[in-house]
Amino acid sequence: MATRFTSGKFWAYMGLLAVLAALPWTLKGNYYIYLAIMVGIYVILVTSLNLVIGYTGQISLAHGAFYGIGAYTCSILQVRDVLTFWPALLVAVIFTGVLGALVGLPMLRARGPYFAIGTMCLSIITALVLLNWQGLTGGTSLGGIPGPGQPTIAGVKIDFYSNKVYYYLVLIVAIFTILAVHRIVHSRVGRAFMAIREEEELAEAIGVNPMRYKVLSFSMGALIAALAGGLYSGYMGAIDPEIASVGMSFNLLVMVLVGGAGTISGAVVGTILLWMLPEVLQAAEEYKPLIFGLILLVIIIFMPRGIMGKVRAIHPRIAEWIP
Amino acid sequence: MEQIAQQLMNGLITGSAYALMALGLALIYGIMHVANFALGAIYMIGAFLMYYFVRWVGGGSYLLGLPLVMVVMACVGALTERYAFRLVRSAPHATGFIVALGLYMILEGGSCVLFGHDWREIASPYNDVILNFGPVIVTLQRLLIFVVCVLLAVCVYVFIMKTLTGKMIRATSQNHDAASLVGISVSRMSLYTFGLGSGLAAAAGAMIAPTFMVGPAMGLEPVTKAFVVIILGGMGSVRGAIIGGFALGMVESLGAAFVTSMYKDAFAFGILIIVLVFKPTGLFRR
Amino acid sequence: MLLEVKDVTKFFGGLCAISQLNFEIREKEILGVIGPNGSGKTTLFNLITGVHKSDGGQILFRGERITGRRPHEIVRRGIARTFQVTKLFGRQTGLNNVIMGLHCRTHAGVWGGLFRSRRTRAEEKASRESALELLEFMHLSDVRDTPAELLSSAQQRRMMMAIALATRPTLLLLDEPTSGMSAEETAEVVDLVGKIRTGGVSVLLIEHNMKVAMGVCDRIVAIESGEKITEGPPEEVAANEKVIEAYLGKD
Amino acid sequence: MKRVRFAAMGIVGALLLLYGGGSPALAADTVHIGFVGPLTGGAAFLGVDALKGVKLAVDEINEAGGITVGGKKYTLSVEQYDDEATPAKAVAGLRKLKDRFDIPVVIADVSGSSMALTEINERLGILWCGFARHPMITQRGNKLALRYEGTVKTDTDLAAMGAVELLKAKTYAILCDTGDWGRGLQENFAKAMEERGVKLLGTEWFDMRKDSDFRVQITKIKALNPDTVKIVAYDEASGQIVKQCREMGITVPLVMTTGFQTRGVEIAGAENIEGCINIIGPANFSPLPEAITNYRSNFEKKYNQKSASYGENNYELVYAIARGMEKSGSVSDAHKIKEGMMAAVPVEKEHRTAWLQKWTENGDGVLWRDVGFYKNGELVDRSGNLPSPPE
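Chains as they are written, first to last, in our numbering: chain S, 53 to 375; chain V, 1467 to 1752; chain U, 4 to 254; chain L, 306 to 696.
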């Protein structure tokens, strides 16, 4: 313990934390805070996908579906006055986690492109069902979601409608997600994941049950995705089937790979970049997709292992400081 | 009964477009192990080229436009290989996928800027010729789609199986190192394959477009379906791609007809999932 | 008897890769399997370790039937193996490779990983130490922080053995451990194999290099096209004309 | 390689500058109106045309000297944001426009985005307007939502009446889009037909955002052989459907929707829609109201391309906003502006492209509507005369 407080790394992270905590007070106007909140939610999402793609090496295109299912479960429970936000969120998270395991069991027998396209189909079907099962999901859009609202805890009224408060909520969840994933991948379980990623046959030969660990990581990913979905729906108040679409899954995949698959920081960098770039490119109007694609291409061609993959490869010291 | 016949015909025609796309994808996957989404954009641009060809040269020479479109887009496809995919050949497979997505965005975004967002029709003369085979009704254009697709598919099949280049391509897709050992230039082979694949996709676009409308957004759906097809057929299997394409078309139209049209698109994807559950490596693995 | 292989048979499509094969391995024994290419040696390994399911016969390990079990179950029971083509966790450091090998002898789960309980931390510490010992033992201490994909081929093959040993086997299957090695590298491996045996681990060894086989093995099983030609002490087997013919026939 | 890298860096840098330099000097005498819609991606064909309609009106107003509120002259300016039809981005856009331009009014026409926007617009004090069709938008007691579009109820009742009176239909089938507008129409139409004792033989679905081959559904409907088919889709889709229906041998007259306008007729081909029923709106008046003729000709002049019908509503909407501001005497208070707009419609004849007459108290538009049928390419009223503007 004593060493921790003397290590520069520790204090560097404390500093970063302080900056993040101060952010809403430095950003002027609620647009940037909104972006910060969205980025936060996506960091949770992408970090969880990174667990599946980056560390276990399974290219999943179903993550958007789990995000959507989480959001819809959480929202429907609230809209139908079955539960309030927090218990609804809990139910959504558990439900989606279990669903992830049930879906993963058969799907993960398929490998590489077969798994990727198979999961892509899952997303497409999920979005279709959410759109067409109107009685349950409200069709093209589900609105009027209460969210966490303005509870009074120990005499203190916490207004989750205020951007600042929600920012801190998301920030905390994001930090805990990152810490959790970081710890998992640096544990025996995480090593099993990476063993599967790098040499499945050898992994099996040293006693790793590939199916067990693939399903584990897949359903953990789904579970965290649902958490992000719940936070998103609670903040937006309205959701639509597009959040479960294959397009969403593609975006998430791009964020993981551009940021740097299999690196904790990569998920964060990728998310920030892919949220900020389109905002910046608003100025380019109809040239937006063109330039966006071009930048994407250039990044991935010059940094095939993603931005942080490249950065961490520069010097072991960097790799040691930036996870 | 009449309906079944008509639905089979509908399926056969949509299926033939899927088959062409899938064939292109399968060849490219076989050689470079990259899921080339950009073919969706190639398909769309192929349709646009045909639109302008017909507008400038006139609908009469519609069929003359086809080879032209194919050649142009084959060159475009080759360019994407040379200046994008080849650069990440040694990188992990997923990287190639991102390159494909990037290219798709560039091509689609580009055509939005060039051609605009609105939908237009291709005035093919064969659209208005309606043929009746007993209960089955089909326009000459749609019959042409089927015929041309089958012809192209057969040609490609023969090319791959019989000709020397075809054999070299197959050898390369089996093992790059071995191929280069016996003196095959892997780069040239993949260049050819990307050209061929793109040409096929463009042909699919140019043929199918006159039966509905042309717009920059038209590419995504077919390429997604084509992916389902090559997975069903077993990645990289030429035979699987062709058979799978027609099969998928049939399943879709029959499913929509006799189950529900609300989930028309779900059938393709649902079936794929079921297949993967029971045969995780597709139906015809090569 | 440690391992008993009883008329095991394996078909690939039509042709028969292994037919009615019989042999056993005693405790603390080094048994060599020799035979020309494609005689089914590696198939035999895959059958023992559960990669392939046998089409007939059975395999007993310490009297327990292990035929039909999955590889990760079999390794838990104490049979570890290396591969003919080098397989390592390329992007991981040498140390990590061996620690990964300890997977089936450690227990921490998701919760352990999340909360870093005292038990988990102790386990991590222990596995780190035993991994370092193993690296030491395999003469790999100096590459503990090097990614495995950057090692020399000889180091990589020793690393494979280290990973296999990390699973604490009682039977170690080595698939051509010296292939593509120089004379002294080979000698090093031969010496290590001896040490492993004295450590109480039996070894089943596929070997191309007759000299090595002769030098290190207590007994040798010679197979050709999936059938046992002969079995016995090295010099006997070497003298066996069927074996000689098989080898000459091959060259 | 190096060069490519530098080029890329260049592009990014330039854009960052563009972005940084983009923030405007908030001129005191400028009123900013927000537009949030899909300007790129699959739905762009809708968003781009809708935005062009807005810009057309704004430019006209400014050329005419802007608007006068409380004796002070203001010029209008549209601040656009491309949400790619994703609600999350739409909300980002609204907040951005609020921060940078303090917009009092936002125009958004896509349902999903509008649903998300109307969750927060009251908190931000921004009035939402647009022709997004999702019924929920105006049913959540939102005080700051004005839908610039009628409810489907009136349309379906008229259409049903037409189907019975003009086509004497005893049985019918529906070919319908799965979107909220489509579903709403389908439910209401089915109810209206039931009341009139017409038998529903079957309902087929498609997604007009991406489908373009409807032959499977058409084949299925043909097998039912109904007296008429109700077709629910916008111009492009419904136009193709009519064409494909005729191609596949469905010869009965069809019942169209307000989504089927001139562009649709163009695609379908005049000969194919002879005798078909459709809702009569101002766009069908003959002579065509000069508001619409002007709109279309100016549109072609300005953008040298034909206008799709999406921009027409927004064109009139902008005038309603402008007049509303003038009436209310406020360019910043959304609530006042809303009151003003409610008092300001219908807008002056020369700008009536949509003929919105008034709003219901929960903010649904009431548009002038009648039903008629196509006679040699023209939509004529029930008595077979060319429809004329009401006085």
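For every residue, glycine included, the Cβ atom is placed at its ideal position computed from N, Cα and C.
Computed from a predicted structure; not experimentally measured.
Continuous alpha helix (DSSP H) stretch holding residue i: start and end
i       : result
S/N82   : N82 to N102
S/Q186  : Q186 to T189
V/G1685 : First-last for V/G1685: undefined, no H or E at that position.
V/M1495 : The question names Met, but residue 1495 of chain V is Tyr in the sequence shown. Start and end: E1468 to M1498.
U/R73   : Here U/R73 belongs to no alpha helix (DSSP H), and DSSP marks it neither H nor E.
L/K377  : Here L/K377 belongs to no alpha helix (DSSP H); instead the beta strand (DSSP E) covers K377 to D387.
DSSP three-state assignment for residue i, whether helix, strand or coil
i       : result
L/W433  : strand
L/D485  : helix
U/K9    : strand
V/F1693 : helix
L/K643  : helix
L/G326  : Low per-residue confidence applies at L/G326: pLDDT is 41, beneath 50, and the placement is therefore not dependable enough to give any value.
L/G677  : strand
S/F270  : helix
U/D194  : helix
L/G342  : strand
V/A1504 : coil
U/E30   : coil
S/H367  : coil
S/M53   : Unreliable placement is indicated for S/M53, whose pLDDT of 48 sits below 50; the coordinate value is still reported in the next sentence. If DSSP states are grouped into helix, strand and coil, S/M53 belongs with coil.
U/V206  : strand
V/V1595 : coil
For residue i, the first and last residue of its enclosing beta strand (DSSP E)
i      : result
L/W664 : L661 to W664
L/D462 : Premise fails: L/D462 lies in the alpha helix (DSSP H), V457 to E470, not in any beta strand (DSSP E).
L/K504 : K504 to F511
Of the residues the options, the one placed nearest residue i, counting alpha carbons only
i      : options                           : result
L/L472 : L/W486, L/V503 and L/D460         : L/V503
L/A355 : L/G371, L/S543, L/N619 and L/E655 : L/N619
L/D532 : L/K654, L/E621, L/P558 and L/I546 : L/P558
S/Y284 : S/K61, S/A244, S/E294 and S/I93   : S/I93
U/R171 : U/G235, U/R108, U/I226 and U/I51  : U/R108
S/G152 : S/M90, S/F118 and S/M360          : S/F118
Min CB distance residue i to chain S below 8 Å
i       : result
U/F92   : yes
U/I166  : yes
V/T1561 : yes
L/G574  : no
U/M162  : no
L/T443  : no
U/P74   : yes
U/A190  : no
Closer than 8 Å to chain V by CB, residue i
i      : result
S/R364 : no
L/R601 : no
L/K515 : yes
S/R163 : yes
Residue i at chain L interface by Cβ criterion, 8 Å
i      : result
S/L325 : no
S/Y83  : yes
Short CB-CB distance (under 8 Å) between residue i and chain U
i      : result
S/N261 : yes
S/A257 : yes
Which residues of the segment 181-212 of chain S have a Cβ closer than 9 Å to any Cβ of chain L? Give them in chain order. L183, N184, Q186, G190, G191, T192, S193, L194, G195, G196 and I197
Which residues, taken in chain order from the segment 291-323 of chain S, show a beta carbon closer than 8 Å to some beta carbon of chain V? V298, F302, L305, V306, L309, V310 and A313
If you measure beta-carbon to beta-carbon, which residues of the segment 1520-1538 of chain V are closer than 9 Å to chain S? none
Contacting positions in the segment 220-243 of chain S - beta carbon closer than 8 Å to chain A: The structure shown contains no chain A; its protein chains are S, V, U and L.
With 8 Å as the C-beta to C-beta threshold (strictly closer), list the residues of the segment 1711-1731 of chain V near chain S in chain order. M1728, Y1729 and D1731
Which residues of the segment 519-550 of chain L have a Cβ closer than 7 Å to any Cβ of chain V? Give them in chain order. R520, V521, Q522, T524, K525, A528, E541 and Q545
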